[in-house]
Amino acid sequence: VGLFKEHYNIPLVSVDAGSLFLGELSGESDPEKKRKIIGRLFIEVFEEEAGKIGGAEFLAQGTLYPDVIESVSYSGGPSVTIKSHHNV
11 VGLFKEHYNI
21 PLVSVDAGSL
31 FLGELSGESD
41 PEKKRKIIGR
51 LFIEVFEEEA
61 GKIGGAEFLA
71 QGTLYPDVIE
81 SVSYSGGPSV
91 TIKSHHNV
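In the working numbering, the protein residues as written are 11 to 98.
Shown next as structure tokens:
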């Protein structure tokens, strides 16, 4: 984050919400429930921070190409179920 802020002059906002995430995940062992908790908190933190600065119109997320490959169906067509841990 520091590299982009300092060297590329990109106005990024970073948030250390680790304790929030770890607190919400404490005691949960089901991987799918954990993914849902993380996804919900990610959006909540974004919305809170976007409200503080104003003017944030969207949240952009990315994925790695291997995640896209792994989520494609074996028949070569579109996947019926995208793996929830991939942001594709």
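Each residue gets a CB set at the ideal place from its N, CA and C atoms; glycine is no exception.
Because the structure is a prediction, the values reported are computed rather than measured.
| said: Just to confirm before moving on: does the CB-CB distance between Ile47 and Leu35 stay below 7 angstroms? | reply: yes
| field | CA-to-CA distance, Val23 to Val11, given in whole angstroms | value | 8 angstroms
| said: Using the three-state DSSP reduction, which class does Glu67 fall into: helix, strand or coil? | reply: coil
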